[in-house]
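Notes follow once the structure below has been shown.
Numbering (our numbering), first residue to last: 959 to 1514.
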């Protein structure tokens, strides 16, 4: 079996102009980045904005495990399968971060014969969107420190600076740094911090902005610090908004590429779901809905993170109404949740499967709270058995869900025909009555408890003193009506990554809270979640290389 990168490099891509034609996009509505990548111009939206929306299908998953779930692979494969059935379909994905590419997770182009290409370009620099976001973020940081250096007219309290620099790399030593060392002309000495670019508020703003006017409004609202009177200081106060928006001018435009089977793929934005809101851009999703009959999109990590934020933040803010949800699991991951060691997952173990299936059960129940039809799909492995499939299928149907087996990693679109047919049947025969989990007018604590208790299954929420103080201040500032963006580990429903399955009788520990006024949500930091990840002992970067002909190896 070829590796993912070998499959991608052997692919016969067609010109991006021909991919665009499948969505009735004209050539002069593309901004080409070579032969296989393009940005969608502003003129395209002006032309199609009056079109009727297609159907929106969200792909999510159970909590990720070392056994693998294949959410992006399923998303891509489903899009390819819909193409095989002659449906006018498009997939809408996030862009990968360099951090996980060189760390432990790898890229985000799918896998096997269900990938988007050019895979290397997508996983590395792509069209430069993340560099633009990083530059806009760090321009604001530079203007902030320069303002303090040049006399501090706004009376910024250097002990209350909350804006952080960013870089799109896992680099733990940058979590806590001291800047301004040297002589008087080198700035004011203070503690500073970095976050990974995908956790930056600029990333969230780009992904939630409706247009450039909305982008500038959101950028200007960013709170960077507080003055000596405790009042917020914003990007507008620093006169930074225009220059930041200029840096993001082209990054605002969605990117068009293709799958291995030439299904159109709109890829744009990339916030993580464990430390940010985990969805591709509103502009990309809304454009896709105007261009296709069926749009397949995904949200990051498990449904407790990605799907919850897709529903409660993105759909709320963008007035999106999903028509169906595909919930991805694997036999291996469910057995891992049932206590089976990774090296033993290839052996049939129905008892462990019964024990671990409670994780799937909780995610089904969570999604049902949003009143959207659910299709559970199993991403197939060759070690799975028919008895294991039957147990899961019977379980899902008993829970009121449709069920389909997916073999898209091995077979591409053909392997997703059953899933695609289930999705089509669901869209035609079942009505979505989508509504968010909570109302805007609940207090922040009530919103946090609603997510913690109903989605995670927690008994109580415990607040550190810093979090208590932050909530009081945020609500006094008038931001209590915003939705909450829970920053939590992705491996468990709880804030303890070691608690697998369906933990009960646990507390969610909130250590701090801050408002992302430009993005329009309140970030809640739980457990030991980090907004700047670190590299593992053996980083994936150690195995990546490029030969004398420019062919990249080791990327996955």
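Backbone N, C-alpha and C fix where the C-beta goes; we use that ideal spot for every residue, glycine too.
### Query
Which ranges would you report for the beta strand (DSSP E) in the region 1079 to 1163 if only whole runs of at least 3 residues count?
1114 to 1119, 1123 to 1125, 1135 to 1137, 1148 to 1150, 1152 to 1154
### Message
Spatial neighbours of residue 1375 within its chain, please: C-beta separation below 6 Å, excluding the five flanking residues on both sides.
### Response
1039
### Task
Give the range of the beta strand (DSSP E) segment to which residue 1479 is assigned.
1479 to 1484
#### Entry: residue 1503 classed as buried or exposed, judged by whether at least 16 other C-beta atoms fall within 10 angstroms
exposed
### Task
Kindly indicate which three-state DSSP category residue 1361 falls into: helix, strand or coil?
strand
### Message
Would residue 1394 and residue 1273 be called neighbours here (beta carbons separated by less than 8 Å)?
### Response
yes
### Task
Could you tell me which residues DSSP puts in a beta bridge with residue 1331?
Beta-bridge pairing links residue 1331 to no other residue.
#### Entry: residue 1204, buried or exposed, once every other Cβ within 10 Å from all chains shown has been counted against 16
exposed
### Message
Could you check whether residue 1254 and residue 978 sit closer than 8 Å to each other, using their CB atoms as the reference points?
### Response
no
### Message
Which residue marks the beginning of the alpha helix (DSSP H) containing residue 929, and which one marks its end?
### Response
The requested residue 929 is not part of the displayed model; the chain covers only 959 to 1514.
### Query
Nearest-angstrom Cα distance between residue 1031 and residue 1106?
48 Å
### Cβ-Cβ separation, residue 1478 to residue 1042 (assumed contact under 8 Å), whole Å
About 39 Å; that fails the 8 Å criterion.
### Message
Checking 8 Å against the spacing of the C-beta atoms, do residue 1216 and residue 1223 come in under that value?
### Response
yes
### Query
Within this structure, are the beta carbons of residue 1147 and residue 1139 separated by less than 8 Å?
yes
### Task
Tell me whether residue 1211 sits in a helix, a strand or coil according to DSSP, three-state version.
coil
### Task
Taking residue 1202 as the reference, give the member of 1373, 1159, 1005 with the closest Cα.
1159
### Query
To the nearest whole angstrom, what separates the beta carbons of residue 1091 and residue 1155, a pair I think is in contact under 8 Å?
6 Å
#### Entry: Spatial neighbours of residue 1024 in its chain, beta-carbon cut-off 8 Å, leaving aside the 5 residues before and after
1294, 1300
### Message
Check whether the region 1120 to 1129 and the region 1076 to 1092 are in contact - that is, three or more C-beta pairs closer than 8 Å.
### Response
yes
### Task
Report the three-state DSSP secondary structure of residue 1196 (helix, strand or coil).
coil
### Proximal residues to residue 1120 (C-beta, below 8 Å), its chain only, five neighbours per side dropped
1181, 1182, 1183, 1184, 1472
#### Entry: 3 or more residues per run - each beta strand (DSSP E) lying fully within the region 1226 to 1268
1252 to 1256
### Task
Can you grab the Cα-Cα spacing for the pair residue 1260 / residue 1407, in whole Å?
19 Å
#### Entry: Length of the line joining the Cα atoms of residue 1172 and residue 1242
15 Å
### Query
What is the DSSP secondary structure of residue 906, counted as helix, strand or coil?
The shown model of the chain, from 959 to 1514, leaves out residue 906, and the question about it has no answer.
### Task
Could you say which of 1213, 1284, 1221 lies nearest to residue 949 if we only look at CA atoms?
In this structure the chain extends from 959 to 1514, so residue 949 is not present and cannot be described.
### Message
Counting C-beta neighbours from all protein chains within 10 Å, is the total for residue 1103 16 or more, i.e. buried, or is it exposed?
### Response
buried
### Spatial neighbours of residue 1085 in its chain, beta-carbon cut-off 7 Å, leaving aside the 5 residues before and after
991, 995, 997, 1213
### Task
Count the CB pairs spanning the region 1323 to 1341 and the region 1356 to 1370 that are closer than 8 Å, and state whether there are at least three.
yes
### For residue 1054, the nearest candidate out of 1388, 983, 1161 (CA to CA)
1161
### Query
Taking the C-alpha atoms as reference points, what is the distance between residue 1396 and residue 1498?
40 Å
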